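Numbering (our numbering), first residue to last: 53 to 365. Everything on this sheet refers to the single structure shown next.
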């Protein structure tokens, strides 16, 4: 199922109807209502859905954007925060997002679960990215830096993982009777939760719960692949039993993601899509506003050729 995220053009319109029309003109009949979507656009999107001009496949938490948060900041409130009031606000906003998803007829809600705190400024992923850009990727210094970060995260992570896990259990109890799937997204930064081993542990715990599955973000995981934190193919192979869909975006090495697929990026869509995805899974194009319309149209043509070779369930 081809889906297109409103993150690409939600800042360009004051009328949700026009936003939906622009996405239809790209050749997509389904949208994902993304985080950062202004509340003012919701009436037009609802009207487009009711009139049958667009369908909503999914919603990305938090949606619509919290009124008190400047800009597009889906991680402003985190389930893992040290501040109890922030954790509570994250839960309230997510519950409201689930209601929006149900109202729009969506089938999934994408969740960011939080991060391991105490990584600040240029710590963590930023350090590795900077070293990679300056040619240190294959050096002993890079390996030492990465090893130190792995050890630091392993020591700090259990508290944050447990907070994320508890939040997911509570949200699953709400999503289940709504018929919604909570897609726990694979993230781009080493300090974010869940990490790779944690994601496997979390999915195994929820393996019999239809309300919780894994949501793959090609750009996020490719960024970690580029930093030698994981192997993209191997990671997908391990999580394939729990997979419900993914965000489609490419990466210009090492970390510039949310690019159109096939446009000079590193993601091997030709190999990964047929191997792990099916026609009925939502594959949502999540692109930067800077991606040009003509590049999307050209990429979509090649994408459609790729998808013709993908099987069903």
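All C-beta atoms, glycine included, are put in the ideal place defined by N, C-alpha and C. Bear in mind that the values here come from a model prediction, so they are computed numbers and not experimental data.
8 Å Cβ shell around residue i - same chain, five flanking residues per side excluded
i, result
"residue 109", "53, 55, 82, 83, 84, 158, 159, 160, 334 and 336"
"residue 126", "87, 88, 112, 113, 114 and 164"
"residue 349", "78 and 79"
"residue 61", "71, 74, 75 and 341"
For residue i, the residue or residues it bridges with in DSSP
i, result
"residue 85", "111"
"residue 336", "55 and 299"
"residue 234", "161 and 264"
"residue 344", "None, per the DSSP bridge assignment."
"residue 167", "244"
"residue 311", "302"
Residues of its chain near residue i, where Cβ-Cβ distance is below 6 Å and the 5 sequence neighbours each way are ignored
i, result
"residue 209", "168"
"residue 357", "none"
"residue 205", "168"
DSSP state of residue i mapped onto helix, strand, coil
i, result
"residue 280", "coil"
"residue 69", "helix"
"residue 117", "coil"
"residue 129", "coil"
"residue 124", "coil"
"residue 106", "coil"
"residue 331", "coil"
"residue 354", "helix"
"residue 91", "helix"
"residue 360", "coil"
Residues of its chain near residue i, where Cβ-Cβ distance is below 7 Å and the 5 sequence neighbours each way are ignored
i, result
"residue 69", "96, 99 and 100"
#### Entry: Continuous beta strand (DSSP E) assignments of at least 3 residues falling wholly in the stretch 254 to 278
264 to 269
### Task
Answer yes if the stretch 174 to 190 comes into contact with the stretch 226 to 236, meaning at least three C-beta pairs across the two stretches below 8 Å, and no otherwise.
no
### Task
Let me know the alpha helix (DSSP H) ranges lying completely inside the stretch 168 to 223, each 4 residues or longer, listed in chain order.
177 to 185
### Query
Any contact of the stretch 181 to 189 with the stretch 137 to 148, i.e. 3+ C-beta pairs under 8 Å?
no
### Task
For the stretch 144 to 158 and the stretch 236 to 247, state whether three or more C-beta atom pairs, one from each stretch, are separated by less than 8 Å.
no
### Query
Does the stretch 190 to 206 come within contact of the stretch 128 to 135, defined as at least 3 CB pairs closer than 8 Å?
no
#### Entry: Validate contact between the stretch 251 to 267 and the stretch 324 to 331 using beta carbons, cut 8 Å, 3 pairs
no
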